[in-house]
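Chemist: Residue numbers (this note's numbering): 1 to 404.
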Amino acid sequence: DQALALVEQQVRPKSPVQLPVSKALGLLLAEDVASDVDSPPHDKSLVDGYAVAAGDLAGGEARLKILEEVVAGAVPSLRVEKGAATRIMTGAPLPEGAASVVMIEQTELAPGTDGSLGFVQIRAEKYSPGQNIMRRGASLRSGDVVLTAGHRLRPAEIGLLSEVGRSEVKVVPRPTVAVLPTGDELVEPAVRPAPGQIRNSNGPMLLALIDRAGGTPIELGIGRDNRDDLLQKISAGLAADVLVLSGGVSAGVLDLVPGILAELGVQKVFHKLRLKPGKPIWFGVLDSDGARKLVFGLPGNPVSSLVCFELFVRPAIARMAGRPFAGLSAVRGRLTSEFVQRGERTTYYPAALEETSEGLAVRPLSWQGSADLRGLAAADALVRFPPEDRTFAPGESVVAYRLG
Ligand code: AMP
Ligand code: MG
Numbered sequence: 001d002q003a004l005a006l007v008e009q010q011v012r013p014k015s016p017v018q019l020p021v022s023k024a025l026g027l028l029l030a031e032d033v034a035s036d037v038d039s040p041p042h043d044k045s046l047v048d049g050y051a052v053a054a055g056d057l058a059g060g061e062a063r064l065k066i067l068e069e070v071v072a073g074a075v076p077s078l079r080v081e082k083g084a085a086t087r088i089m090t091g092a093p094l095p096e097g098a099a100s101v102v103m104i105e106q107t108e109l110a111p112g113t114d115g116s117l118g119f120v121q122i123r124a125e126k127y128s129p130g131q132n133i134m135r136r137g138a139s140l141r142s143g144d145v146v147l148t149a150g151h152r153l154r155p156a157e158i159g160l161l162s163e164v165g166r167s168e169v170k171v172v173p174r175p176t177v178a179v180l181p182t183g184d185e186l187v188e189p190a191v192r193p194a195p196g197q198i199r200n201s202n203g204p205m206l207l208a209l210i211d212r213a214g215g216t217p218i219e220l221g222i223g224r225d226n227r228d229d230l231l232q233k234i235s236a237g238l239a240a241d242v243l244v245l246s247g248g249v250s251a252g253v254l255d256l257v258p259g260i261l262a263e264l265g266v267q268k269v270f271h272k273l274r275l276k277p278g279k280p281i282w283f284g285v286l287d288s289d290g291a292r293k294l295v296f297g298l299p300g301n302p303v304s305s306l307v308c309f310e311l312f313v314r315p316a317i318a319r320m321a322g323r324p325f326a327g328l329s330a331v332r333g334r335l336t337s338e339f340v341q342r343g344e345r346t347t348y349y350p351a352a353l354e355e356t357s358e359g360l361a362v363r364p365l366s367w368q369g370s371a372d373l374r375g376l377a378a379a380d381a382l383v384r385f386p387p388e389d390r391t392f393a394p395g396e397s398v399v400a401y402r403l404g
């Protein structure tokens, strides 16, 4: 919790920018948006049917002369008088004199023989004046503020922005997040590892985590465990708002990352936490060109990397994008089996969640530790055990964090 507070202290929301509406999904609006039109722009028909004058349908039945046909996109030219009707399509502007629209399903056409449009016979079981009409400005009026700053843009808002004439909008942008997996042993997923090698699973996983957390991921390739390569790739990564490294932050002879970050002027905020998995995590900041860069050195083991990302990087990305500093959503449930907790580290353990008639059941899974991604892939959540030497009994209430 202290580490989380230290990260939160360092995070600043990004300054708003003007973006095309097509790039704004999920972002926070940074301006009030007013409409430049009435919507609908005219009294319009809500159905395909016939626009009729007041009084013509008092008994629900009438035979009316068809004046003209108005499709969406056209404008009517004739006034609807008593005894007459205008054939009108959904969305088309209502002719003058029209009091309501009768839907086409309640009519029968008697085409004219002389090239005229003929007559329509109406049998409306239910009829009320004003039916099937939407009045000009019923949804919004020109000048109305339809969205206010701070609103999160979902697909509906993207549609609304378009309706009120916006193709660009001021928003808090996604932070850019560069990813640098490090290790001499790493090969790309398409390669079969030679003896001593393993595949780079963290790189693709972190890119996916960043995307889902609302950041723009930037791939830097694999950093090798030597000063030159790390200096060059870390420098490139510091151009982003956030740099996320994996590996090279614990106590091995090739764990060069903290030293090189220091050399590049990145200020350490913390290194190593009482956390399991995730103990070696490193966090620091760099102020450059008036912007504060965040640097997370995540542990190399994939599950440690993921847990540290969800605990610390996800809330930081959310805050930079203008949202609250918040991580995975927490739920309470009851343990289905005993769990033995030992030691002084807060523990996050993969678990399955199940809704039962007695509430949410939390079942710790069989798991081989921080290198066991397969075990994590079976999990719905990470269940949290506080640091204490204690056996948790079946039925005890625990907190779990949904993996999404
Ligand atoms: P390190 O902290 O660099 O010693 O890494 C700890 C463990 O995580 C080692 O077993 C590494 O081989 C493994 N590891 C490091 N980076 C990755 C990666 N990108 N993908 C999968 N495993 C990794
Ligand atoms: Mg390494």
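C-beta: ideal position from N, C-alpha, C; glycine also.
No experiment lies behind these values; they were computed from the predicted model shown.
Name the two residues that bound the continuous alpha helix (DSSP H) containing Asp229.
Modeler: 227–237
Chemist: Among all the DSSP beta bridges, which residues are the ones paired with Glu358?
Modeler: According to DSSP, Glu358 bridges with nothing at all.
Chemist: Quick check on the DSSP output: what are the complete alpha helix (DSSP H) runs of length 4 or more inside the segment 317–366, in order along the chain?
Modeler: none
Chemist: Can the beta-carbon of Gly17 be found closer than 9 Å to that of Ile66?
Modeler: In the sequence as displayed, the identity of residue 17 is Val instead of Gly. No, Cβ-Cβ distance for Val17 and Ile66 is not below 9 Å.
Chemist: Using beta-carbon positions only, say whether Gly343 and Leu311 come within less than 9 Å of one another.
Modeler: no
Chemist: Beta carbon of Arg79, beta carbon of Pro93: below 9 Å?
Modeler: no
Chemist: When DSSP builds the beta bridges, which residues end up paired with Glu168?
Modeler: For Glu168, the beta-bridge partners assigned by DSSP are Pro20.
Chemist: Residue range of the beta strand (DSSP E) that Gln131 falls in?
Modeler: Note, Gln131: premise wrong, no beta strand (DSSP E); not H, not E.
Chemist: With distance defined between alpha-carbon atoms, name the residue in Leu273, Ala208, Arg224 nearest to Leu256.
Modeler: With distances taken between Cα atoms, Leu256 lies closest to Arg224.
Chemist: Arg199: beta carbon under 8 Å from a heavy atom of the ligand AMP?
Modeler: yes
Chemist: With DSSP run on the structure shown, which of helix, strand or coil describes Val253?
Modeler: Looking at Val253 - three-state DSSP - the assignment turns out to be coil, as it is neither helix nor strand.
Chemist: Taking three-plus beta-carbon pairs below 8 Å as touching, is the segment 191–202 in contact with the segment 152–172?
Modeler: no
Chemist: What residue from Glu68, Ser128, Thr113 has the CA that sits closest to Val102's CA?
Modeler: Residue nearest to Val102 within the set Glu68, Ser128, Thr113 is Ser128 (criterion: CA-CA distance).
Chemist: Would you mind giving the Cβ-Cβ distance between Val242 and Gly265, rounded to the nearest angstrom? I have them listed as a contact below 8 Å.
Modeler: 16 Å between Cβ atoms; not a contact.
Chemist: Let me check you understand the geometry: is the CB of Thr347 closer than 8 Å to at least one non-hydrogen atom of the ligand AMP?
Modeler: no
Chemist: Since Val285 and Arg292 should fall inside the 8 Å C-beta cutoff, what is the C-beta to C-beta distance between them, to a whole number of angstroms?
Modeler: Contact flag correct, Cβ pair sits at about 6 Å.
Chemist: Going by CA-CA distance only, name the one from Glu219, Arg166, Ile281 that's closest to Glu188.
Modeler: Glu219
Chemist: Taking 8 Å as the cut-off, is the C-beta of Pro387 nearer than that to any heavy atom in the ligand AMP?
Modeler: It does not: the Cβ of Pro387 is nowhere closer than 8 Å to a heavy atom of the ligand AMP.
Chemist: Is it buried or exposed for Ile198, if we count other Cβ within 10 angstroms and need 16 for buried?
Modeler: exposed
Chemist: Rounded to the nearest angstrom, how far is the Cβ of Arg136 from that of Asp43, given a contact under 8 Å?
Modeler: 5 Å
Chemist: Look at the alpha carbon of Ala330 and the alpha carbon of Leu403, and state the distance between them as a whole number of angstroms.
Modeler: The alpha-carbon separation between Ala330 and Leu403 amounts to approximately 10 Å.
Chemist: Do Ile158 and Leu25 have their beta-carbon atoms positioned less than 9 Å apart in this structure?
Modeler: yes
Chemist: Does the beta-carbon of Val340, which I'm using as the reference point, lie nearer than 8 Å to any heavy atom of the ligand AMP?
Modeler: no
Chemist: What is the DSSP secondary structure of Leu161, reduced to helix, strand or coil?
Modeler: helix
Chemist: May I ask which residues mark the beginning and end of the beta strand (DSSP E) holding Pro217?
Modeler: 216–219
Chemist: Quick check on Ala53: does DSSP put it in helix, strand or coil?
Modeler: strand
Chemist: Nearest-angstrom Cα distance between Arg152 and Gly59?
Modeler: 50 Å
Chemist: So, Tyr401 versus Ala381, is the Cβ gap smaller than 9 Å?
Modeler: Taking 9 Å as the Cβ cut-off, Tyr401 and Ala381 qualify as a contacting pair.
Chemist: Given a cut-off of 9 Å, decide if Ala53 and Gly83 are closer than it, judged by their beta-carbon atoms.
Modeler: yes
Chemist: Just grab the DSSP bridge partners of Ala291 for me.
Modeler: Per DSSP, Ser288.
Chemist: Which residues bound the beta strand (DSSP E) around Ile66?
Modeler: In the DSSP assignment, Ile66 falls within the beta strand (DSSP E) that extends over 61–70.
Chemist: Is any non-hydrogen atom of the ligand MG found closer than 8 Å to the C-beta of Gly247, if you look at the structure I gave you?
Modeler: yes
Chemist: Any heavy atom of the ligand AMP closer than 8 Å to the CB of Pro181?
Modeler: Under cutoff, so the answer is yes.
Chemist: Measuring only from the beta carbon, is Asp229 closer than 8 Å to any heavy atom that is part of the ligand MG?
Modeler: no
Chemist: Does DSSP classify Val75 as helix, strand or coil?
Modeler: Val75: coil per DSSP, three-state reduction.
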